[in-house]
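One structure below.
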Amino acid sequence: MENINKNKLFLASCLALITTAMTFAIRAKLETVFGPDGIGLTLEQLGYAFAPAFFGFTIAMIVGGPLVDLLGIKKITWIAFFTHIIGIVLTLMADSMTSLFIATLFVGIGNGMVEAALNPLVASMYPESKTKMLNRFHVWFPGGIVIGSILGWLIMDVLGLSWQVMVATLFIPLIIYGLLFFGEKFPVTERVQLGISNKKMFKSVLNPLFLFMVFCMFLTAASELGTTQRIESLLKESVSAPLLVLAFINGIMALGRLSAGQVVHKLRPSGMLLYSAIITFIGLWLLTITSGGMTFVAAAIFAIGVTFFWPTMLGFVAEYLPETGALGLSIMGGAGMFSVSIVLPVMGKLMDDANAAEALRTMSILPAILIVAFLGLNIYMKKQRKTVEA
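Residue numbers (the working numbering): 93 to 482.
See below:
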């Protein structure tokens, strides 16, 4: 990869992901601004208003995935940059469910284009350590949520400034990542490097193992992001500052992803996913019965569980199904975000009609299903390794 500054591209990619992640934390805080105690939207209406953050992300990834190979990583990265700008400006102007919906859609498309372009970028730059480097890249999703959560708490709860000031902080990482990417040379995607045809790529996404992983991505993403996105409403009766619990969860996740290389070596991706599902189930169940300081204990267990879900799912596909290319990674990410767009209104309805504990109990069903699914995946992968060794 001559004339390609991998360190600079990786740093810029991390800042782009920080921008993406900060939108998640800031959106969680906006529940209090636009919700029943603010502008007056119900929690179900908020679920619909925020859903485009996830299905917009899905559309961007499904469309952007094939375009990454066709147009190149660089062009998709700049599409992400400009849609981020539009989404942030429209969010600052939002004053109703409709305007919030449109603003959130643009933010979601920007976020999806970041993932569509930069997951293949990282995989292409580090072909010998994909799962490790994708985990390191995705350190900055929880890392960005920590930054956004603390900024939201400081700006609104401590300093008493307006929510618009909080949203405007998104321009800081946005401008920096734009400047870092400007003028840089990008590598071609790994699929292009390997010379895999479009026909083979599209055929490979019908592989039963890939379809199984897409199904699991629905559940892993919903378990993690469905819960954390509605943290303000879920935990407002349990703790005084739910946004700090969000920062706490994501701080643990960031630290965990930094050590991903060692964990992958010991457990392999399929083993990581099984243990993650077990611990996530325990954490969600504990969140239904704890309050006060013990909420942080339950949150820590939940955080340990969801830490490796997203990047390891992507790493598994990149390692074991490389012929799916950028399209495969985009379908995975898109499936994950689409599942959250379905879950958010359902959770809102449960909280409007019953209570937060009921919503959390319902969410705990998802990792319970994953325990069975990943147990089967481990058995399958062990058989595959034995076949190869024989």
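Backbone N, C-alpha and C define an ideal beta-carbon position, used for all residues, glycine too.
Here's the rule: buried if 16 or more other CB atoms are within 10 angstroms of the residue's CB, otherwise exposed. What is residue i?
i: Ala-141; result: buried
i: Thr-115; result: buried
i: Met-185; result: exposed
i: Asp-187; result: exposed
i: Asn-342; result: buried
i: Asp-129; result: exposed
i: Pro-300; result: exposed
i: Phe-149; result: buried
i: Ala-446; result: exposed
i: Asn-99; result: exposed
i: Val-42; result: Examination of residue 42 is not possible in this model, given that the chain is present from 93 through 482 alone.
i: Ser-254; result: exposed
i: Ile-118; result: buried
i: Leu-469; result: buried
i: Ile-277; result: In the sequence as displayed, the identity of residue 277 is Lys instead of Ile. The residue in question, Lys-277, is exposed, as its Cβ has fewer than 16 Cβ neighbours within 10 Å.
i: Lys-222; result: buried
i: Val-160; result: buried
i: Phe-73; result: Outside the shown range of the chain (93 to 482) lies residue 73, about which nothing can therefore be said.
i: Val-206; result: buried
i: Gly-375; result: buried
Terminal residues of the continuous alpha helix (DSSP H) containing residue i?
i: Asp-249; result: Careful: Asp-249 lies outside any alpha helix (DSSP H) and carries neither H nor E.
i: Glu-450; result: 448 to 455
i: His-230; result: No alpha helix (DSSP H) holds His-230; DSSP gives it neither H nor E.
i: Ile-154; result: 144 to 163
i: Tyr-218; result: Looking at the DSSP string, Tyr-218 is not in any alpha helix (DSSP H), and its letter there is neither H nor E.
i: Thr-124; result: 98 to 126
i: Asn-299; result: Run containing Asn-299: none; DSSP gives neither H nor E here.
i: Lys-441; result: 417 to 445
i: Ala-186; result: Note, Ala-186: premise wrong, no alpha helix (DSSP H); not H, not E.
i: Ser-315; result: Element bounds for Ser-315: n/a, residue is neither H nor E.
i: Glu-324; result: 323 to 327
i: Ala-260; result: 255 to 260
i: Ile-267; result: 263 to 273
i: Ala-284; result: Residue identity check: residue 284 is Val in the sequence provided, not Ala. Where Val-284 is concerned, the enclosing alpha helix (DSSP H) stretches over 282 to 286.
Measure the C-alpha to C-alpha separation of residue i and residue j and round it to an integer number of angstroms.
i: Lys-292; j: Val-181; result: 41 angstroms
i: Lys-441; j: Leu-135; result: 7 angstroms
i: Met-340; j: Leu-317; result: Checking the displayed sequence, the identity of residue 340 turns out to be Phe instead of Met. So the two alpha carbons sit approximately 15 angstroms from each other.
i: Thr-320; j: Gly-127; result: 17 angstroms
i: Asn-97; j: Leu-327; result: 44 angstroms
i: Gly-164; j: Leu-109; result: 19 angstroms
i: Gly-240; j: Leu-336; result: 10 angstroms
i: Phe-274; j: Ile-177; result: 16 angstroms
i: Ile-471; j: Arg-477; result: 10 angstroms
i: Thr-416; j: Gly-132; result: 45 angstroms
i: Gly-348; j: Leu-421; result: 22 angstroms
i: Arg-283; j: Arg-360; result: 23 angstroms
i: Ala-120; j: Val-214; result: 28 angstroms
i: Val-259; j: Ala-395; result: 25 angstroms
i: Lys-167; j: Leu-311; result: 31 angstroms
i: Ile-154; j: Ala-209; result: 11 angstroms
i: Ala-449; j: Leu-379; result: 8 angstroms
i: Met-189; j: Ala-392; result: 33 angstroms
i: Val-306; j: Val-389; result: 31 angstroms
i: Ala-369; j: Thr-382; result: 20 angstroms
i: Leu-436; j: Pro-265; result: 27 angstroms
i: Leu-303; j: Phe-147; result: 19 angstroms
i: Met-473; j: Lys-295; result: 21 angstroms
i: Ser-289; j: Asn-211; result: 20 angstroms
i: Arg-322; j: Ser-332; result: 15 angstroms
i: Gly-397; j: Met-345; result: 9 angstroms
i: Gln-285; j: Thr-111; result: 29 angstroms
i: Leu-338; j: Ala-313; result: 16 angstroms
i: Leu-419; j: Ile-151; result: 12 angstroms
i: Ala-145; j: Gly-287; result: 34 angstroms
Got a sec: does the ligand ZN put a non-hydrogen atom nearer than 6 angstroms to the Cβ of residue i?
i: Gly-318; result: This structure simply doesn't include the ligand ZN, nor any ligand for that matter.
Q.
Between the segment 405 to 421 and the segment 130 to 145, can you find at least three pairs of beta-carbon atoms closer than 8 angstroms?
A. Counting Cβ pairs under 8 angstroms, fewer than three are found: no touch.
For the 8 angstroms Cβ check, are there 3 or more pairs between the segment 104 to 114 and the segment 263 to 271?
yes
- Just list the alpha helix (DSSP H) runs in the segment 343 to 410, keeping only unbroken ones of 4 residues or longer that don't cross its boundaries, in chain order. 352 to 379, 386 to 398
Q.
Three or more C-beta pairs under 8 angstroms: does that hold for the segment 223 to 230 against the segment 398 to 407?
A. yes
For the 8 angstroms Cβ check, are there 3 or more pairs between the segment 188 to 199 and the segment 457 to 468?
-> no
Quick test of the definition: if touching needs 3 or more C-beta pairs under 8 angstroms, does the segment 420 to 430 touch the segment 362 to 369? no
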